[in-house]
Amino acid sequence: MKLSLSAAAAPGIELDALDAACRARGLDGIELVIASAGDARTLAARVRAARVRVVALRAERLDDAAAGSLAHLSGELGVPASAPLDEVTRGSLPKLARVFADAGGTLLAAFGTDLERVIAATAALERADDPPSVGLAWDLRPGSEDLSSSGAVLLAARRHLRLVRLYGGGPEQHQQDGRGIGPLLVDLAISGYGGPIVLTPSAPAELPRWRDWLASRRSTGCGSAHPSGELEADVRDVEGGPSRRAAIRGGAFRAARRRAPKKNGPRSEMRCAPPPGPRAYHPAP
């Protein structure tokens, strides 16, 4: 699966330097964090000048001014913009859908691992006639959420899910061992999810580790990308014992075989490559 990095992992770093660090890590692109409406108005020019790969946008607030600027930037770069579910539902969903549709952008309401809220969010989209300019993003926090219901959450959100944001991974991966990330990544692959997985720090206190991780070239297992853009998931510590690990390997291999050349056989690590999802902004050569 395609892995990308939120700019929240390296605040203050120039876009071209962050893009270079992501390329060296085999990461597919950057999620830009939009702090204000003014940021959105100037970012498109900066992205083009820096010639960086952008896969998504993120805004924590979504008032009228921010929504208009975010929609315009989303349309210009051709990438989705996510905001917390509460920010999206606080306003008029049909109005937001029109704003983003008129700008050629896409808005994603970001939910946590809460089945009731996901069901309510999908119901709201259906009541609004499933506007193509609005979808869902999953803010996945394995360090603070119970992922036992993640399979049901994925099933409920699957038709609208266009982005997964993983709070952790990278240098924090080993802190999250045994919390259900490996099985969930396989479930995403088997479900046909083709959007990006954006890594972002779980807390501001983790930022120094992320800075060191970006500067390093050492692999850290699940949460590290390969230059091919595939995701390696280490299943040796997956909960459930040998039978569960065997089932995960089998499911991942079946998902990979549907897409891989016939000569490629199974390997010791899982490499699941779903079909391409929302396009990233890649500057012309």
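Position in the sequence shown (first residue = 1) + 414 = this note's numbering. Ideal Cβ placement from N, Cα and C applies to all residues, glycine included.
* Using 8 Å as the limit for Cβ to Cβ distance, is Leu613 near chain D? -> This model lacks chain D altogether; it includes just one protein chain.
* With DSSP run on the structure shown, which of helix, strand or coil describes Ser420? -> strand
* Asked: Hey, how far is the Cα of Arg541 from the Cα of Ala534?
  -> 10 Å
* Asked: Would DSSP call Asp377 helix, strand or coil?
  -> Because residue 377 is not part of the residues shown, which for the chain are 415 to 699, the question remains open.
* Output the distance between the C-alpha atoms of Gly518 and Gly606, rounded to the nearest integer angstrom. => 25 Å
* **Which of helix, strand or coil DSSP assigns to Glu445** => strand
* Asked: Using the C-alpha atoms, what's the distance from Asp516 back to Ala459?
  -> 20 Å
* **Boundaries (first-last residue) of the alpha helix (DSSP H) holding Val493** => It is not in any alpha helix (DSSP H) - Val493 carries neither H nor E in the DSSP assignment.
* Asked: Any contact of the region 523-534 with the region 492-505, i.e. 3+ C-beta pairs under 8 Å?
  -> yes
* For Asp553, count neighbouring Cβ atoms within 10 angstroms of its own Cβ and tell me buried if that reaches 16, exposed if not. => buried
* Asked: Which of helix, strand or coil does DSSP assign to Leu568?
  -> helix
* Asked: By a C-beta neighbour count over all protein chains shown, 10 Å radius and 16 as the cutoff for buried, is Ser496 buried or exposed?
  -> buried
* **Beta-carbon proximity of Ser564 to Thr527, cut-off 8 Å** => yes
* Is DSSP giving Asp477 helix, strand or coil here? -> coil
* **Nearest residue (CA-CA) to Leu598, options Leu628, Asp560 and Ala438** => Asp560
* Would you kindly work out how many angstroms separate the C-alpha atoms of Leu550 and Gly452, rounded to a whole number? => 25 Å
* Asked: Between which two residues does the alpha helix (DSSP H) carrying Arg625 extend?
  -> Leu621 to Ala629
* Is Thr503 helix, strand or coil by DSSP? -> helix
* Asked: By how many angstroms is the C-alpha of Leu446 removed from the C-alpha of Pro618?
  -> 17 Å
* Asked: Exposed or buried, Pro615, counting other C-beta atoms within 10 Å across all chains shown (16 or more means buried)?
  -> buried
* To do: For the alpha helix (DSSP H) holding Thr614, just list the boundary residues, first then last.
  => Per DSSP, Thr614 belongs to no alpha helix (DSSP H); it is in the beta strand (DSSP E), Ile611 to Thr614.
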